[in-house]
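**Q**
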Amino acid sequence: MASYFDEHNCEPLNSEREVRTNMLLELARGGGPGPGSLFNRMDFEHLGLVVDWDHHLPPPAAKAVVNNLPRTVISSSQAELKCPVCLVEFEEEETAIELPCHHLFHSSCILPWLSKTNSCPLCRHELPTDDDTYEQHRQDKARKQQQQHRLESLHGAMYT
Ligand SMILES: [Zn+2]
Ligand SMILES: [Zn+2]
1411 MASYFDEHNC EPLNSEREVR TNMLLELARG GGPGPGSLFN RMDFEHLGLV
1461 VDWDHHLPPP AAKAVVNNLP RTVISSSQAE LKCPVCLVEF EEEETAIELP
1511 CHHLFHSSCI LPWLSKTNSC PLCRHELPTD DDTYEQHRQD KARKQQQQHR
1561 LESLHGAMYT
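In the working numbering, the protein residues as written are 1411 to 1570.
1) Rounded to the nearest angstrom, what separates R1534 and S1563 at their Cα positions?
2) Whose C-beta lies closer than 8 Å to the C-beta of L1491 among residues of the same chain, with five residues either side of it excluded?
3) Any heavy atom of ligand 2 closer than 6 Å to the Cβ of C1511?
4) At a cut of 8 Å, does the region 1501–1508 reach the region 1546–1566 through at least three beta carbon pairs?
5) Which residue comes first and which comes last in the beta strand (DSSP E) that contains A1472?
6) Would you identify the three-state DSSP class for R1481, choosing helix, strand or coil?
7) Taking I1520 as the reference, give the member of A1471, T1539, M1433 with the closest Cα.
8) What is the rounded straight-line gap between the Cα of C1530 and the Cα of S1487?
9) For S1517, collect the residues of the same chain with a Cβ closer than 6 Å to its Cβ; drop the 5 residues on either side in sequence, then sort them by chain order.
10) Kindly indicate the opening and closing residues of the beta strand (DSSP E) around T1505.
11) Terminal residues of the continuous alpha helix (DSSP H) containing L1561?
12) Please tell me whether A1438 and V1475 are closer than 7 Å, where the distance is taken between their beta carbons.
13) Ligand 1 and C1519: does any heavy atom of the ligand fall closer than 6 Å to the residue's C-beta?
14) What does a CB cutoff of less than 6 Å around Q1555 pick up in its chain, not counting 5 residues either side in sequence?
15) Note the first and the last residue of the continuous alpha helix (DSSP H) segment covering L1524.
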């Protein structure tokens, strides 16, 4: 008998998401600036990393936001943590950048990344951008999701 997950295709979806997350990290590691970079739209589409934003990579994080990201001095209890981009352990007293999702990175690892796109390479938490059309798109998407949610609760209210 087929399980619920087989029938609903849940498991492949989840692992696909995991693969995508790992690819983002791979890109963060290897995606230096310049023409040899993996980081362009073509390659992104190739890798199946097309994001919802009309098949474009989200724009860079807003400069003001990046400049104001909290700098954290690594404490002895954090010293065993690794920077997710370069996989090097932080050293005590070293300064790291903390994203709003509380992931820590070397500034030299995360700043080049955030100048290309706006999300945490580890969990895809999005930072605000300077791009009006993208922000507009994000608002539209949130509104649609809310609408969908309202419809679903309405449906629930009518049939229960
Ligand atoms: Zn690093
Ligand atoms: Zn994160």
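C-beta atoms are modelled at their ideal positions from N, C-alpha and C, and glycine is treated no differently.
Values in this document were obtained by computation on a predicted structure and should not be read as measured data.
**A** In short:
1) Whole-angstrom Cα-Cα distance: 28 Å.
2) Taking L1491 as the centre and dropping the five residues before and after it, the same chain places the C-beta of I1484, E1499, F1500, L1514 closer than 8 Å to its C-beta, in chain order.
3) In this structure, C1511 has its beta carbon less than 6 Å from a heavy atom of ligand 2.
4) Touching, no, given that fewer than three Cβ pairs across the two stretches are closer than 8 Å.
5) Segment: none, A1472 is in no beta strand (DSSP E) and carries neither H nor E.
6) In the structure shown, R1481 falls within a strand segment according to DSSP collapsed to helix, strand and coil.
7) Cα-wise, what sits closest to I1520 is A1471.
8) C1530 and S1487 have their alpha carbons spaced roughly 23 Å apart.
9) These residues qualify, in order along the chain: I1507.
10) For T1505, the enclosing beta strand (DSSP E) stretches over residues 1505–1508.
11) Residues 1542–1569.
12) Going by C-beta atoms, A1438 is not nearer than 7 Å to V1475.
13) Taking 6 Å as the cut-off, one finds at least one heavy atom of ligand 1 near enough to the beta carbon of C1519.
14) The same chain holds no residue with a CB closer than 6 Å to that of Q1555 once the five nearest residues on each side in sequence are set aside.
15) Here the alpha helix (DSSP H) through L1524 covers 1517–1524.
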